[in-house]
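Q: Please find one structure pasted underneath; my questions will follow.
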């Protein structure tokens, strides 16, 4: 069987390619921010809106989860943050006339870029069974349809309730309460596809599934590793923090298969030298690692540190920390000493001398932070890799002291807060006990479905209703053909959304679109709260008039559905929750540790920090009561002859599945997205040249997967590796190719071959 992705925009007639940039931001970043904002919002609305992004009395950016810090710029946003705000605060509108003019089938043929550019959704829409059009529906009828389908199920586990990031703490808490009140833990979320591996590894080793550093720690570090991450595009405000660390004397090591402009040189647009001068060189060392080589790198660094300790006992290993606070050191140390250097060099693609020089950087640093993103989390051995990063840090006591620790950089605003609020398919017993004590009903105890398991259940007909609180599930998930077929088998799909996306067009027998307020918009006189990537909780309050009088806040959607589903509920005051968010926060304070006196504390400017035992107390709530060293076998990922190892990446004109435009300025791509970045020597070995057209083909036991019509770009990526944008290449990632333990799709290590083609179809190989 050959599975293919839709060839939506194969004919990129306007595609041009130039040299990649060697620096990020500067005046082009300012110009693009303003142009994108003006195009969507107009001049006055742009000034009004951008002035409130990430301000203490404003709203949290709907983009990434990077923290703001105590001292904020008047323009506390980045280029992609401005684009995210502009997309939400756009003056463009989708009305019932749009849906009358476009069938569901026609919308399914459009690109996500086209769908997103149509504007804000303005009223609830219903696709009846047997119809190919959405038609208007009242809110009351919409809730009745959902409740009717839920009641008709053979059991609660036949429903799936998905959550993307951006949902507020208040809405997320109410949502998980509704789902557990209904009787299931089927609460997959976008974490399952990104940082689930981080949470799994950190819970096992440190006892908390979050990072252990603050923004101030990053500023104070002596050495910062930025691994498998492209902050210039995905977390641009992080570059300001790295610049400050550099000015304070830190060294920065970038570890990535691709050279990323933001880590080479940063021209801070909030500084005159950033607009007019050369800017700041950030990375002191660039380790161009082979995909999936990170476990080998950190294990090798640790071996070199142990050997340095052997040569000068007591000068390298933090013996007091290891003996007092850790478990499993001896077994781990024996395994690391047995590393084979030939395997390390093959796995990393690095010369031993480069790793030895990096170990020298580590020996010269007292406080070390390792930051990472999805370049580490989306491999089969991702959990083991992150555990090895923790081993490396524990060896010298680099957890729980100023300027040191683990820093998984979350990629979506409040995705971490949603998990804190209970959006999790495997809730801990203490959380369920607290819900029972507070609300007086017995929540389900069995584990629910994660994202991959939910797709399987829909495919097999075991799940029949799919409800999504935000996001673009169809475009975000792997194995595109399988996922789309699974969604179309559902009896009902429901999308709570601000804008149109592919998940509205690839839907069940019946479908509902429930339009909601965005972060930028007024929710009466109420504010909501969010948690950033470093565990700070703060208020967010939009100021714009809602895009339509028909929009409901997410909290109201949850509470009205609950009232329709449960009637007069003796356990949960849904009507009160809908109008009084303080009442929700009071319940959160009694259920979730760290939120005591929630309402008072969140009204303080800047909010408050949640407790973090490893960081605050050097206490590790693991099964052993200590931080755990772990043994992680090095298995070199060897690729068959003639094949390459593919990673899926974002363009600079993209945030997750939201496509802002067709350019990737930092990589030199303009006017198109169907491109694949390949090292010139790898092209020559395949008798291919820059500009040739190829299909990307993944070979798997259940058949081939093919993404058609990609233009080859000769690019300085690591040898044997290539890269292409998602969601176009999600079709190449099988549903069953997942990380061990976390079940995260392996989107960063896909074995592919390149097959020469023209736009009329592939040529024989």
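Numbering (UniProt numbering), first residue to last: 1 to 765. Even for Gly, the Cβ is constructed at its ideal location relative to N, Cα and C.
Applying the 10 Å Cβ sphere with the 16-neighbour rule, what's the burial state of residue 623?
A: exposed
Q: Please list, in chain order, all residues of the same chain as residue 528 whose beta carbon is under 6 Å from its beta carbon, the five residues on each side excluded.
A: 168, 170, 540
Q: Comparing alpha-carbon positions, which option in 451, 22, 453, 614 lies nearest residue 666?
A: Nearest option by C-alpha distance: 22.
Q: Starting from residue 648, trace the beta strand (DSSP E) in both directions and tell me its first and last residue.
A: In the DSSP assignment, residue 648 falls within the unbroken beta strand (DSSP E) covering 644-649.
Q: For residue 439, which three-state DSSP category applies?
A: helix
Q: Can you tell me where the alpha helix (DSSP H) with residue 200 in it begins and where it stops?
A: 196-205
Q: In chain order, which beta strand (DSSP E) runs of at least 3 residues are fully inside the region 572-619?
A: Runs of the beta strand (DSSP E) inside the region 572-619: none found.
Q: Going along the chain, which residues of its own chain have a beta-carbon closer than 6 Å to the beta-carbon of residue 9, five neighbours each way excluded?
A: Confidence is the limiting factor: at residue 9 the pLDDT is only 45, short of 50, which leaves the residue's position unreliable, though a coordinate-based value still follows. Cβ neighbours of residue 9 beyond the five flanking positions: 111.
Q: Tell me the rounded alpha-carbon separation between residue 316 and residue 420.
A: 37 Å
Q: Leaving out five residues on either side along the sequence, give the residues of the same chain with a beta carbon under 7 Å from the beta carbon of residue 337.
A: Once the five neighbours on either side are set aside, the close Cβ partners of residue 337 are 303, 306.
Q: Would you mind sorting residue 446 into buried or exposed? The rule is 16 or more other CB atoms within 10 Å of its CB.
A: exposed
Q: Which residue from 578, 102, 409 puts its Cα closest to that of residue 218?
A: 409
Q: Distance, Cα to Cα, residue 752 vs residue 736?
A: 16 Å
Q: What residue range does the alpha helix (DSSP H) around residue 309 cover?
A: Segment 294-311, the alpha helix (DSSP H) holding residue 309.
Q: Which two residues bound the contiguous alpha helix (DSSP H) that contains residue 29?
A: 27-41
Q: Is it the case that the region 178-186 contacts the region 495-510, given that we only count it when at least three CB pairs across the two stretches are under 8 Å?
A: Here the region 495-510 does not lie against the region 178-186, with fewer than 3 beta-carbon pairs under 8 Å apart.
Q: Between the C-alpha atoms of residue 744 and residue 758, what's the straight-line distance to the nearest angstrom?
A: 34 Å
Q: Could you check where the beta strand (DSSP E) with residue 493 kicks off and where it finishes?
A: Where residue 493 is concerned, the enclosing beta strand (DSSP E) starts and stops at 492-497.
Q: Using the DSSP secondary-structure output, state which residues sit across from residue 254 in a beta bridge.
A: 226, 286
Q: Between the C-alpha atoms of residue 630 and residue 326, what's the straight-line distance to the nearest angstrom?
A: Straight-line spacing of the CA atoms in residue 630 and residue 326 works out to 11 Å.
Q: State the DSSP-derived secondary structure class of residue 455, mapped to helix, strand or coil.
A: helix
Q: Would you list, in sequence order, the uninterrupted alpha helix (DSSP H) runs of no fewer than 4 residues that lie entirely inside the region 301-372?
A: 319-325, 329-337, 341-348, 352-363
Q: If you follow the alpha helix (DSSP H) that residue 557 is part of, which residue opens it and which one closes it?
A: 554-566
Q: Taking only runs of the alpha helix (DSSP H) that begin and end inside the UniProt domain "Molybdopterin dinucleotide-binding" (644-750), which ones reach a length of at least 4 residues, in chain order?
A: 680-685
Q: Residue 73 by DSSP, collapsed to three states: which one?
A: coil
Q: Residue 468: beta carbon under 6 Å from a heavy atom of the ligand MG?
A: With respect to small molecules bound, the structure shown includes none, and the ligand MG cannot be examined in it.
Q: Rounded to whole angstroms, how far is the Cβ of residue 398 from the Cβ of residue 367, which I believe are closer than 8 Å?
A: 7 Å
Q: Counting only the same chain and skipping the five closest in sequence on each side, list residues whose C-beta sits under 6 Å from that of residue 571.
A: 439, 440, 441
Q: Would you tell me roughly how many angstroms separate the C-alpha atoms of residue 747 and residue 730, rounded to the nearest one?
A: 8 Å
Q: Is it the case that the Cβ atoms of residue 296 and residue 348 are separated by a distance below 7 Å?
A: Yes. Within cutoff.
Q: Among the residues of its own chain, which have a CB less than 7 Å from the CB of residue 543, if the five just before and after it don't count?
A: Excluding sequence positions up to five before and after residue 543, its CB lies within less than 7 Å of the CB of 52, 522, all in the same chain and listed in chain order.
Q: If I follow the unbroken alpha helix (DSSP H) through residue 483, where does it start and stop?
A: 480-489
Q: Taking only three categories from DSSP, how would you classify residue 246?
A: helix
Q: To the nearest angstrom, how far is it from the Cα of residue 365 to the Cα of residue 163?
A: 41 Å
Q: Beta-carbon separation of residue 592 and residue 496 under 7 Å?
A: The answer is no: Cβ separation not under 7 Å.
Q: Just verifying my parser: in three-state terms, what is the DSSP assignment at residue 760?
A: Low per-residue confidence applies at residue 760: pLDDT is 49, beneath 50, and the placement is therefore not dependable enough to give any value.
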